[in-house]
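Following: one structure in structure tokens, then a few remarks.
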Amino acid sequence: MSAQASSQPSTPSGKPVLEFDDVHLSFGAVTAVNGVSFTVDEGELFAVIGPNGAGKTSIFNVLSGVYRPQRGRVALHGTDILGMKPPAIARLGMARTFQNIELFSNLTVLDNLMLGRHQHIRYGTLAAIAWWGRARNEELRHRERVEEIVDFLELEQWRKMPVGLLPYGVQKRVELGRALAMEPRLLLLDEPVAGMNLEETEDMARYILDIREELKIPMIMVEHDMGLVMDIADRVMVVDFGTPVATGRPAEVQSNPDVIRAYLGGDGDDPDAGRGAEGGSGPGGQDDAENEGALA
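Here the sequence shown is numbered in this note's numbering, starting from -3 and rising by one per residue.
If you want it as structure tokens, here you go:
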């Protein structure tokens, strides 16, 4: 995968990969994003966390062009992307995975990964039908890149199997691979370990760290697993009711009283007073206790 990493266009020195500046998004009387600002630097793994309904998915939808906010600025490598359609933003180098797997279950792993190469295809329909010259050479290059991803994500044994027959954790890996096939300059990970068991979670964490360390691709991750976030993120932003609460290193965020209050309610001393951590079972439930431990 070193070829993929080296093919990434570089960001001018000192300029962040992404600028998300004072963004406001409302749906009628409901405020989804309220003055959120952050930046993401080259090679950084930036996490967004918060209780249920905090506005995390809305932030991702603004980034990828699904929603257009009423106010604010969003720039990818210095280019203002507000108002752009999702395909145009993807062509600038933004790729996204989804909490709910969006794969073609009847296609093989290789075919699903090849779909991620769509924006890099330059040959026309006639050349593809004839399968000669430029089309053939380009197709071989795309398949070579896909095989690199298969090796990188350890998908060899499933490469020719329909993804609908694969374990859930492997399907999540295939979706990550399809995003990598786009050669992203910024990767959005929407709950990458949602629904996974412990072993699958540990595997996915390893792949995410490899993407950061080997491919040098900056990432923004929304995730419910507090332990994972605190273990692998470089910086964390906490949002609550669409409003930023705190941004900093994991250790700083863990000890922030406002963060504890957002997750647990009250003044942070009474965990039973909370409204339930995201993905949790409600006030005083098991998931509340687990998240309290992650924040302690």
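No residue lacks a Cβ here, since even glycine has one placed at the ideal position from N, Cα and C. Keep in mind the model is a prediction, meaning the values are calculated, not measured.
Per-residue burial, Gly238 [other beta carbons within 10 Å of its own, 16 or more giving buried]: buried
Distance CB(Asp230)-CB(Gln95) smaller than 7 Å: no
Segment contact, 8 Å Cβ cut-off, at least three pairs: the segment 70 to 80 with the segment 248 to 260: no
Of the listed residues Asp147, Val58 and Met233, nearest to Ala28 (C-alpha basis): Val58
Inter-residue spacing [alpha-carbon to alpha-carbon] between Thr93 and Leu136: 25 Å
Span of the beta strand (DSSP E) around Val44: Leu41 to Ile45
contact_flag[the segment 202 to 216, the segment 97 to 117] where n(CB pairs < 8 Å) is 3 or more: no
Among Met110, Leu184 and Gly61, nearest to Pro82 - alpha-carbon criterion: Gly61
Inter-stretch contact (C-beta, 8 Å, three-pair minimum) for the segment 184 to 204 and the segment 14 to 29: no
Where the alpha helix (DSSP H) containing Gly173 begins and where it ends: Tyr164 to Ala177
Reference Glu34, options Met217, Arg181, Thr243 and Val255, closest by Cα: Checking the displayed sequence, the identity of residue 34 turns out to be Phe instead of Glu. Checking every option, the nearest Cα to that of Phe34 belongs to Thr243.
Buried versus exposed call for Leu161 [16 or more other C-beta atoms within 10 Å across all chains shown]: exposed
Reference Lys11, options Glu40, Val26, Gly31 and Ala25, closest by Cα: Glu40
Pairwise C-alpha distance: Lys168 and Leu111: 15 Å
Cβ shell of Ser101 (< 6 Å), same chain only, five flanking positions each side left out: Val159 and Gly160
Inter-stretch contact (C-beta, 8 Å, three-pair minimum) for the segment 47 to 55 and the segment 138 to 157: no
Where the alpha helix (DSSP H) through Thr197 begins and ends: Leu194 to Asp206
Continuous beta strand (DSSP E) stretch holding Met215: start and end: Met215 to Val218
Those residues which DSSP pairs with Phe34 across a bridge: Phe16
Buried versus exposed call for Pro163 [16 or more other C-beta atoms within 10 Å across all chains shown]: exposed
Other residues of its chain near Ile228: CB distance less than 7 Å, five sequence neighbours each side excluded: Leu41, Ala201, Ile204 and Leu205
Distance between Arg155 and Phe56 (C-alpha atoms, nearest Å): 30 Å
Run of the beta strand (DSSP E) containing Leu182, from where it starts to where it stops: Leu182 to Asp186
Whole-angstrom C-beta distance between Leu99 and Glu171, which should lie under 8 Å: 6 Å
Terminal residues of the beta strand (DSSP E) in which Ala91 lies: Met90 to Arg92
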